[in-house]
Structures are given as structure tokens and as C-alpha cells.
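**Student:** Going left to right, the sequence shown walks through residues 35 to 176 as my numbering numbers them.
Just so it is clear, CB atoms sit at the ideal spot from N, CA and C, and this is done for glycine as well.
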Amino acid sequence: MVGLGAGHLSLLAVMARDDIGAWVQKGLWAAVPLAPADAPTQAALRNELTFWAGPGSFSVPLLLLGCLVWHLAGRGVAVPPWVGWGLAAWCVLGAVLLVPSPFVLGAVAGVLVVLAARRRAAAAGASGAPTSSAAAGADPVR
35 MVGLGAGHLS LLAVMARDDI GAWVQKGLWA AVPLAPADAP TQAALRNELT
85 FWAGPGSFSV PLLLLGCLVW HLAGRGVAVP PWVGWGLAAW CVLGAVLLVP
135 SPFVLGAVAG VLVVLAARRR AAAAGASGAP TSSAAAGADP VR
């Protein structure tokens, strides 16, 4: 997840550096206007594409989610499986809609989160120790 988010932003910085440079020169405030023009120019469409491919995309939240999962795993805290299922479902949909794309790698990351949660739950069940959600007072059935 960290690699996908950071890679997406890095590629954008290289491929759209002229558009990003224009944002900085104009001042960042309202660099990408929301109001549609009667006949958008090619430059305006490229500007919008740069926004939606970078800061307006899911790359920043994916990077943050990856850092959170990495942090929690380092502390021995299991990430809930619904996080992995949600990420995998979103990435499979993206992979179906945009072919070829690296969305498949996001689905792999989601499945790995689910497998880690299952492994953690199985290990806790075998040792008789409560899982992190049960220890926190959550419903252990979910």
C-alpha cells in the first residue's frame, strides 16, 4: 500500500511536473477550478487530469493506510479483516474498469491484510488468549 501510494505520487510528479509547476507559480489557491467552462481547453482538461491523478486520487489515503497498517503490525496489533476486504474489493473493481493497471497489487495487499487477521485470530484461539478486538470489549463473533 505504501509502495502503491508513493509510487503513484512519484510518477505523477515526474510525468506532470509542468502542470504542478504552474500550480505553484499561480499560487495553490484554486489552481484547479471546480466550475466547468463552456468549452474546456486542452490545458484545462490536462490540469484537471493532473489533479485527479494525484492529490485528488486515492494515492494519499492509500499511502496513509499503508503506514497505519505497517505501524500496527509492528506493534503486534491485528488490522481488522474488513479493512482488507474493503481494500481488495475496491482494487478488484478498479482492476476490472482500468485494464491493465496496478490495481491488482492493491487487491493483493488487501488479501494479505485479511490473511494476517485470520492468522492472528487462529493463533489467539489456539493459545486461549483473547484477540485484540475481544480484549477491547468488542463483539468477538464479528
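Tell me, to the nearest whole angstrom, how far the beta carbon of residue 96 is from that of residue 38; I am working on the premise that it is less than 8 Å.
**Tutor:** Position 62 of the sequence shown, counted from the first residue, corresponds to residue 96. Position 4 of the sequence shown, counted from the first residue, corresponds to residue 38. Right, their Cβ atoms sit about 6 Å apart.
**Student:** Determine the extent of the alpha helix (DSSP H) in which residue 84 is found, giving its start and end residues.
**Tutor:** One-based indexing of the sequence shown puts residue 84 at position 50. That run of the alpha helix (DSSP H) goes 76-87.
**Student:** My understanding is that residue 99 touches residue 35, with C-beta atoms under 8 Å, so please give their C-beta distance in whole angstroms.
**Tutor:** In the sequence shown, counting from the first residue as 1, residue 99 sits at position 65. In the sequence shown, counting from the first residue as 1, residue 35 sits at position 1. Indeed they touch by this definition, with Cβ atoms about 6 Å apart.
**Student:** Quick check on residue 135: does DSSP put it in helix, strand or coil?
**Tutor:** Working through the sequence shown from its first residue, we reach residue 135 at position 101. Reduced to three states, the DSSP call for residue 135 is coil.
**Student:** Is it true that the CB of residue 82 sits closer than 9 Å to the CB of residue 89?
**Tutor:** Walking along the sequence shown from the start, residue 89 turns up at place 55. Walking along the sequence shown from the start, residue 82 turns up at place 48. No, these two residues do not count as a Cβ contact at 9 Å.
**Student:** On the three-pair Cβ rule with 8 Å, is the region 117-131 touching the region 140-149?
**Tutor:** Because the criterion of three Cβ pairs below 8 Å is met, the region 117-131 and the region 140-149 touch.
**Student:** On the three-state DSSP scale, how would you describe residue 53?
**Tutor:** Position 19 of the sequence shown, counted from the start, is the residue given in the question as residue 53. It is helical.
**Student:** Name the two residues that bound the continuous alpha helix (DSSP H) containing residue 102.
**Tutor:** The count along the sequence shown starts at 1 and reaches residue 102 at position 68. Element bounds for residue 102: 93-108.
**Student:** If contact is defined by three or more beta carbon pairs under 8 Å, each pair taking one atom from either stretch, is the region 98-115 in contact with the region 147-157?
**Tutor:** With a cut-off of 8 Å, the region 98-115 and the region 147-157 count as touching, because enough Cβ pairs lie within range.
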